[in-house]
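Chains as they are written, first to last, in my numbering: chain F, 2 to 109; chain C, 2 to 122. For glycine and all other residues, C-beta sits at the position ideal for the given N, C-alpha and C. What follows is a set of notes on a single structure, which appears directly below.
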């Protein structure tokens, strides 16, 4: 199965700053089938990005995704208070679909 | 709006069984693949099982294959997860989730709020 490794584990930033989250795959992610999810404590994950770079419905344009092959990035520009959460990447190009271990974006 | 509501979680002893349900509304269930994904306390997300739009095909994670069964009834707008021979390591919040693809091999776009399963003696 494809192993996804996210870095860093924790990102400490202030509101208004930008965040860059990395997701590296152990094998090529077929057709760029990679998604990013945001999860707040006690809540379900929320889809942010699919197909590596397409924003889901209702997601602000300060969230952007990029990458292909084995290296993917989620960028959050101008962090808002509600953006401090845990972020997961997921590949769905190869069965079984797998998740990264998560990156926590915390308030500095 | 799209809604997925899980139920059936609780505390169960190791070796026993439990059946989770997911009631959906706001969309036509027969047009979508579906999944169960779990999250152990304080841990990350783990895909458990997926099922085609018509129930004709199912896939399972190695950790649950042979013990768990995913099924659906499109007329009742309901997805199920039958969990047998439960183990302590199955303790988690279980989410049902919608797949944009009928063959459950696409993007997962909506999730329920989850139901907690605790396996403990």
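Task: Stretch pair the segment 85–94 of chain F + the segment 31–47 of chain F: three plus CB contacts closer than 8 Å - done: The segment 85–94 of chain F vs the segment 31–47 of chain F: in contact.
TODO: Tell me, please, which residues DSSP counts as bridged to residue 117 of chain C.
DONE: DSSP, once it has assigned bridges, lists C:94 as partnering residue 117 of chain C.
Task: Residues that residue 210 of chain C contacts on chain F, provided the C-beta gap is smaller than 9 Å - done: As displayed, chain C neither begins before 2 nor continues past 122, which places residue 210 of chain C out of reach and without an answer.
Task: Best match in C:20, C:15 and C:113 for proximity to residue 72 of chain C [C-alpha to C-alpha] - done: Answer by Cα proximity: C:20.
Task: the segment 7–26 of chain F contacting the segment 72–86 of chain F, beta-carbon criterion three pairs below 8 Å - done: Yes: the two stretches touch, three or more of their Cβ pairs being nearer than 8 Å.
Open item on the list: In whole angstroms, give me the CA-to-CA distance for residue 57 of chain F and residue 100 of chain C.
Closed with: About 13 Å.
Open item on the list: Is it buried or exposed, residue 32 of chain C, if we count other Cβ atoms within 10 angstroms and call 16 or more buried?
Closed with: Counting other Cβ atoms within 10 Å of its Cβ, residue 32 of chain C stays below 16 and is therefore classed as exposed.
- [ ] Count the C-beta pairs between the segment 79–88 of chain F and the segment 71–89 of chain C that are closer than 8 Å, then say yes if the count reaches three, no if not.
- [x] Judged by Cβ distances under 8 Å, the segment 79–88 of chain F makes no contact with the segment 71–89 of chain C, as fewer than three pairs qualify.
Open item on the list: Tell me the DSSP secondary structure of residue 55 of chain C in three-state form.
Closed with: In the structure shown, residue 55 of chain C sits in coil (DSSP, three-state: anything other than H, G, I, E or B).
TODO: Determine the contact status of residue 35 of chain C and residue 9 of chain C, defining contact as a CB-CB distance below 8 Å.
DONE: No, these two residues do not count as a Cβ contact at 8 Å.
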